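S.K.:
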Amino acid sequence: MNIYVDDEGFLYVITDTGVFVYKDRVILQPTSTKEVNPGPQMMIFPNPATSYVDVTTKTPMESMEIINFDFKTVLRKVQKANSFQLDISDLPSGLYFLKCNNKSGQSYTAKFLKLD
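So in our numbering, spot 80 of the sequence shown is number 96, and the numbers just go up one at a time.
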């Protein structure tokens with residue numbers, strides 16, 4: 017069964033064999049005015065990287081951690097800034113997640129690729 021709404025607000029229900037079952041006009045109203053995707057809260061560059069990454073966040077952070085692809089924390093430190101550089105030269109090659117936490121309890125996560 018296929019259900020869709022056209023540009024004029026008509027709801028259609030059609031079976032998988034193409035038989036028209038139901039048509040009605042619907043009124044679509046927004047349920048929220050909050051922005052769905054406010055954009056990136058954190059940027060990491062260069063990405064991929066070999067020896068360091070520069071991290072910029074929209075709000076100052078309290079702490080950060082680097083998590084490997086096995087979800088093990090490989091580095092954790094206090095980082096009270098919204099722009100900082102991390103030395104990743106000792107990390108093996110692979111995909112990592114950088115998780116930053118602010119003082120309000122919000123956390124932001126981004127991934128980066130470490131190359132040798």
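Cβ atoms here follow ideal geometry from the backbone N, Cα and C, with glycine treated the same way.
Keep in mind the model is a prediction, meaning the values are calculated, not measured.
For Y20, is the classification buried or exposed, using 16 other Cβ atoms within 10 angstroms of its Cβ as the cut-off for buried?
M.R.: exposed
S.K.: For the beta strand (DSSP E) holding M80, just list the boundary residues, first then last.
M.R.: 79-84
S.K.: Whole angstroms is fine: what's the gap from Q57's alpha carbon to F85's?
M.R.: 21 Å
S.K.: Please report the residue range of the beta strand (DSSP E) in which G121 lies.
M.R.: For G121, no beta strand (DSSP E) run applies, since DSSP gives it neither H nor E.
S.K.: Kindly confirm or deny that the stretch 55-74 and the stretch 86-93 touch, where touching means at least three C-beta pairs closer than 8 Å.
M.R.: no
S.K.: Which residues in the same chain have their Cβ closer than 6 Å to the Cβ of E81, if we skip the five residues on either side of it in sequence?
M.R.: T89, R92, K115
S.K.: Going by DSSP, which residues form a beta bridge with V71?
M.R.: I60, F100
S.K.: Should I60 and F128 be called a contact, given that it needs their Cβ atoms to be closer than 7 Å?
M.R.: yes
S.K.: Rounded to the nearest angstrom, how far is the Cβ of D22 from that of T66, given a contact under 8 Å?
M.R.: Actually they do not touch by this definition, with Cβ atoms about 52 Å apart.
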